[in-house]
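Position 378 (the sequence shown) corresponds to 462 in our numbering; numbering is contiguous. For glycine and all other residues, C-beta sits at the position ideal for the given N, C-alpha and C. Values in this document were obtained by computation on a predicted structure and should not be read as measured data. Quick notes on the structure that follows.
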Amino acid sequence: MKKLRWTMDDGFGDLDMSTSITIDGIARPVPGDSLPLGLSRGTKLSRPKQIDFMQRFMSAFFLPSYADHPARVGDGLALQRVLTFPFGENWIATFLGQFNLQKLASSLKDKGSREPPESSWLKNLGKHLCDKSMYAFGFCSEFLITPNDTLLVSSEACGDKKRYRKKAVLDHKFPQHNLTVEATSPGLFVDKVGTYWDVPLLITADLASVPSDSGFNDHFCIHYISGAAKQFNSDQTGPIPPSLLPGLYVKSAFSIKKNVDIWRRKSGKLKMVQPFDIFLSDPHISASATVGTVATASFRDNSVRLKREDELQGYGRFDVNFPGKKCAFLADLFASVSCTAQHGNFQRLFLDLSQLHARLDFPSGSKFLSGAARLVQDLNNSQPPDLAALHAICPNVTLSLQQQIVGPFSFRIDSRVSFDFNSRGWHTHVDESMFAIEYALQVLGSAKAIAWYSTKHREAMVELRFFET
C-alpha cells in the first residue's frame, strides 16, 4: 500500500465522488455544482485495491454494492471480487469481477413463471448464469514509476454491452502539491439533481496544495471535454448542463483556512488503551473558517451559461461573456464556517463517542453581499424583506451526527438542509441524507471501512477511507 497523503474536503474543490454505478466507483460533479453530500473524497486507494485489502485483511469473500437509481441507472444488488497479479514491487495488476445478484433473482422469477412445469430448475439457473448481462468486468494496472510518480491504466465493461470505459491517470507528488493528469473515455459526471452524464472524452489536469489544518491552500484545474454529452446508460434526452458542452474549462481557487479549539480535554483517557481512531480521541469543541476566491474561464461551447433565476433578480456572480468569441470569465468569493462538538474518547466499548458537526457554506460571495445590501435597503425603507434577497443570503447547511454503537462500530448520518421562503413564511426541509455504518480499523491509527446508503441517489457501497476527521 503506497503512502497516502492527508486530504480534506472544504466543499469547494473539484473532487471525485464515490458511486456504485460503475466498476471503478468514481464519478465527477458537474463543474459549478455543489459537491454531492457525503460522497466526495480526496486521494484514496483505487477501487480494486480497496476490495483487495478487505479480502486479505477483513475476510470479505465478496463485497456488495447497490445501485437502484430512479432512472434505472443501476440494476440493484451486485457482488464484487478482485484477483490480484503482482509483477514485482513496482507493478500490480488487478481483475475486478461483478455479478448482479438482484438481476439474477429477478430473471429467475420472471422466466420461471413462463417455463413449463417439467423444466429443470437447475438447468434454468445454469442458463441464467451464462447470460453475459449478469456480469461486469474491470481490469486495472498500476505502475510505480518513481517514488513520487504513479501511472494507472484501467478499462471496464458490462457483459451485454460493447462499450468500454477506459482511463489513464498519472499522479505526481511535489513537496507541497499533488498533480493529477487524467484522460477518460467516456468521462462520467453527476449533476446536482443526481443525473449521471457521459462525455465522449474528458482530459483533466489538477494541481492542488496539500491541505493543512490552518493556512493557505491553492487549487488549479483544467477540464477539456470533446463530443456531445448524454445521460448515462439511458436513451432519455434532456437539457445538457452548459458546463458539459464541448470546450475548455479552467479554474483557479485560493483560500485561507483557520481552525480554532474552543475547548479540548486531554485528560481522562484510559491508560495503555489505543483509541479506535487517533483523530477522535479527545473530547472537544472546535470551529473552522475558510475564505477564498475562485476564478474560472470557459472557451468554446461550454462558455454558454444558462441564466439562472437569481441572476435575473440581480444576485448573480461577477462574470463576463464574449458570445462572438465563445469565451466567458467568472470571478467570485466563497466562504465556509463549521463547528464540531465531540464527547468521549472512542476507547471504551459502549457509547464513548458522540460527535456533532455543522457546516455553513456560502458558495457565492457576490450573491450574498447583493442580497444583504437589498435587505438593509428594505429595512431602512420600512418595507417587507425581499424573498429573493433572503434566498441569496441563506447558506448551504450540512449537518453530521456520529454515534458509537459498540467497539469500533459507529453510526453516522449526514444531511443537507435548505430553507424555503414564501409569502406565508419560511420552512426547512432535508434535501438529501446519507446513512452509514463505520468500522474503525484500529491497527491503522485512523482508517475505517464504511458501508453507506444515499437516499437521493439510491446507492450503497462498502469502501475504505483514510485520515478523515
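- Counted as a single uninterrupted DSSP element, the beta strand (DSSP E) harbouring Asn184 occupies residues Trp175 to Asn184.
- Counting other Cβ atoms within 10 Å of its Cβ, Met138 reaches 16 or more and is therefore classed as buried.
- In this model, Ala111 and Ile105 are separated by some 9 Å (Cα to Cα).
- Under the Cβ criterion (8 Å, minimum of three pairs), the segment 406–417 does not count as touching the segment 426–436.
- The alpha carbon of Arg542 has as its nearest neighbour, out of Pro115, Gly160 and Gly116, the alpha carbon of Gly160.
- Ranked by Cα distance from Ser517, the first of Leu163, Ala415 and Lys540 is Lys540.
- According to the DSSP assignment, Ser530 belongs to no alpha helix (DSSP H), since it is labelled neither H nor E.
- Beta-bridge partners of His368 (DSSP): Arg348 and Gln426.
- Inclusion of Asp515 and Pro479 in the CB contact set at 8 Å is not warranted, their separation being larger than that value.
- Cα atoms of Leu354 and Leu364: separation of roughly 14 Å, rounded to the nearest angstrom.
- Rounded to the nearest angstrom, the gap between the Cα atoms of Ala312 and Asp282 is 9 Å.
- By the Cβ criterion, the segment 324–332 is not in contact with the segment 293–305, since fewer than three pairs of Cβ atoms, one from each stretch, lie closer than 8 Å.
- Glu266 is a Cβ neighbour of Val253, given a cutoff of 8 Å.
- In this structure, the beta-carbon distance from Phe221 to Ala241 falls below 8 Å.
- Taking all protein chains shown into account, Asn184 has 16 or more neighbouring C-beta atoms within 10 Å of its C-beta and is therefore buried.
- As the crow flies, the alpha-carbon of Arg348 is around 11 Å from that of Asn429.
- Nearest to Ser143 by C-alpha distance, out of Asp152, Arg131, Arg165 and Ser130, is Arg165.
- Secondary structure note for Ala456: its alpha helix (DSSP H) is the uninterrupted segment Gly449 to Asn464.
- Asn232 sits in coil when the DSSP states are folded into three classes, being neither helix nor strand.
- Under the DSSP assignment, Met545 falls in the beta strand (DSSP E) whose first and last residues are Glu543 to Phe550.
- Straight through space, the alpha carbons of Pro468 and Phe493 are spaced by roughly 50 Å.
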